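The sequence shown lines up with residues -3 to 334 when you count with the numbering used here.
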Amino acid sequence: MKTTLDSKTGIHVLFFLIFELSFSQATLLKDIYPGSGSSNPSGFFKYNNELLFSAQDANNNKELWKTDGTLNGTALVKEISPGLLYGSNPGGFKEMNGIVYFGADDGVTGSELWRTDGTEQGTQRVKDINPGSGNSIGGVGSGVVFMNELYFVANSASNNLSELWKTDGTENGTVLVKSFMPFSYYSSNTSNLMVGPNGNEIFFTADDGSGFYLWKTDGTSSGTVKVKSLYNTPSYRIGNFGIINSEICFTAYNYSGEQSLWKSDGTVAGTLIYYDNLPVGNVSVINSKVFNNKLYFNAYSTVYGTELWTTDGTYSGTQMLKDIIPGTTSSSLVTSLN
-3 MKTTLDSKTG
7 IHVLFFLIFE
17 LSFSQATLLK
27 DIYPGSGSSN
37 PSGFFKYNNE
47 LLFSAQDANN
57 NKELWKTDGT
67 LNGTALVKEI
77 SPGLLYGSNP
87 GGFKEMNGIV
97 YFGADDGVTG
107 SELWRTDGTE
117 QGTQRVKDIN
127 PGSGNSIGGV
137 GSGVVFMNEL
147 YFVANSASNN
157 LSELWKTDGT
167 ENGTVLVKSF
177 MPFSYYSSNT
187 SNLMVGPNGN
197 EIFFTADDGS
207 GFYLWKTDGT
217 SSGTVKVKSL
227 YNTPSYRIGN
237 FGIINSEICF
247 TAYNYSGEQS
257 LWKSDGTVAG
267 TLIYYDNLPV
277 GNVSVINSKV
287 FNNKLYFNAY
297 STVYGTELWT
307 TDGTYSGTQM
317 LKDIIPGTTS
327 SSLVTSLN
């Protein structure tokens, strides 16, 4: 289910107001925190023709709420942590098979994995991944759904920080996929989860103690492997993942601070540099689009600011398309190119 709101719906939720675009009128939907206090609604997530979100009530408890856009249809879903000061602070929503998963703190087990169907009875903790009062997750919004399971990053007491987990929505089905540094006190910093273009594997980045590498997994421990050493040494940072035709595209820094644009089909031979030593920083491949066999993306440079770039997969074919606002001022490009 699409989790972002189309502007054509006429709903703008930043300040939890109903905004009628045709008349430019804004009206308060509900005073969740009565009086001059602020409810600070946030984390809006579209689910079953309603919005799930977190909000703070008069008791200063931030809990799980929902709305159908009406006064009577705006209500507390569940007070997950009635005894915890400031509430359960739910957030990081992700839907799988009609159920929404998120992180919340019930005041006993710490911030853990929860699920909801939008009802009080159907809002339950899935598993105490980090046993006791320790926190395992802040949310699963950056997770991915793959083969009817949700993959996400979590911390448990047994394997330190930021490891790859998956869940089928049950306690027994919530398990560690692979521990990258099982005998270390350091985090693997697993991140950048993305389902590959063929839908049969997940790409991500992690540090197994030898540095950051591009990894892939089929959902099993034995099938979780490094793809390639990009610079014949560990990378300093890998990110900005996007899908370009039948390949993933991403940026990587070496320890000299040089940034390159890469592509990969998941094989060693098919993991190649698009463009070496990019003369720009903050490349946004996620906000990109393929058009006429070229990739268009946002990139920042100290000379031109943030502008529109393009590449055909060759060094000579990678260049700034136009300095829309001349000089160092950025042109504030849209986040999704169409």
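Heads up, the beta-carbon is just placed ideally off N, CA and C, and yes, glycines get one too.
None of these values were measured; they are calculated from a predicted model.
> How big is the Cα-Cα spacing for K42 and T229?
Replying inline: Position 46 of the sequence shown, counted from the first residue, corresponds to residue 42. Position 233 of the sequence shown, counted from the first residue, corresponds to residue 229. About 42 Å.
>> So, for E116: in the same chain, excluding its five sequence neighbours on each side, which residues have a beta-carbon less than 8 Å away from its beta-carbon?
In response: The residue labelled residue 116 in the question sits at position 120 within the sequence shown. Correct list, in chain order: V73, K74.
> Measuring CB to CB, does N185 end up less than 7 Å from S158?
Replying inline: Counting from 1 along the sequence shown, the entry for residue 185 is found at position 189. Counting from 1 along the sequence shown, the entry for residue 158 is found at position 162. Yes, the Cβ-Cβ distance between N185 and S158 is below 7 Å.
>> Between which two residues does the beta strand (DSSP E) holding S107 run?
In response: Translated into the one-based positions of the sequence shown, residue 107 becomes position 111. Start and end: 107 to 112.
>> Rounded to the nearest angstrom, what separates N93 and S297 at their Cα positions?
In response: As a first step, residue 93 must be located in the sequence shown, where it is residue number 97. As a first step, residue 297 must be located in the sequence shown, where it is residue number 301. So the two alpha carbons sit approximately 42 Å from each other.
> Hey, quick one: how far does the beta strand (DSSP E) through S152 stretch, first residue to last?
Replying inline: Translated into positions along the sequence shown, residue 152 becomes position 156. Segment 145 to 152, the beta strand (DSSP E) holding S152.
> What's the call for P37, buried or exposed, on a 16-neighbour Cβ count within 10 Å?
Replying inline: For this step, residue 37 is matched to residue 41 along the sequence shown. So P37 ends up on the buried side.
> Hey, out of W161, L257, V122, N56, whose CA is closest to V140's CA?
Replying inline: Here residue 140 refers to the residue found at position 144 of the sequence shown. Closest option to V140, Cα to Cα, is W161.
> What is the C-beta distance between I76 and F142, in whole angstroms, given that I count them as a contact (C-beta under 8 Å)?
Replying inline: Counting from one through the sequence shown, the residue named residue 76 turns up at place 80. Counting from one through the sequence shown, the residue named residue 142 turns up at place 146. Not quite, the Cβ-Cβ distance comes to about 27 Å (not below 8 Å), so this is no contact.
> Who does Y292 pair with in a DSSP beta bridge?
Replying inline: Start at 1 with the first residue of the sequence shown, and residue 292 comes out as number 296. The partner list for Y292 (beta bridge, DSSP) reads K285, T306.
> Quick one: Cα of G118 to Cα of Q21, how far?
Replying inline: Counted from its first residue, the sequence shown places residue 118 at position 122. Counted from its first residue, the sequence shown places residue 21 at position 25. G118 and Q21: Cα-Cα distance of roughly 36 Å.
> Does the distance from the C-beta atom of D64 to that of Y29 stay below 7 Å?
Replying inline: Numbered from 1 along the sequence shown, position 68 holds the residue referred to as residue 64. Numbered from 1 along the sequence shown, position 33 holds the residue referred to as residue 29. In this structure, Y29 does not lie closer than 7 Å to D64 by Cβ.
> Between I269 and W305, what straight-line distance do the alpha-carbon atoms span, to the nearest angstrom?
Replying inline: Counting from 1 along the sequence shown, the entry for residue 269 is found at position 273. Counting from 1 along the sequence shown, the entry for residue 305 is found at position 309. Approximately 16 Å, taken between the alpha carbons.
> Does DSSP put V299 in a helix, a strand or coil?
Replying inline: Position 303 of the sequence shown, counting from 1, holds the residue named residue 299. The answer is coil: DSSP assigns V299 none of H, G, I, E or B.
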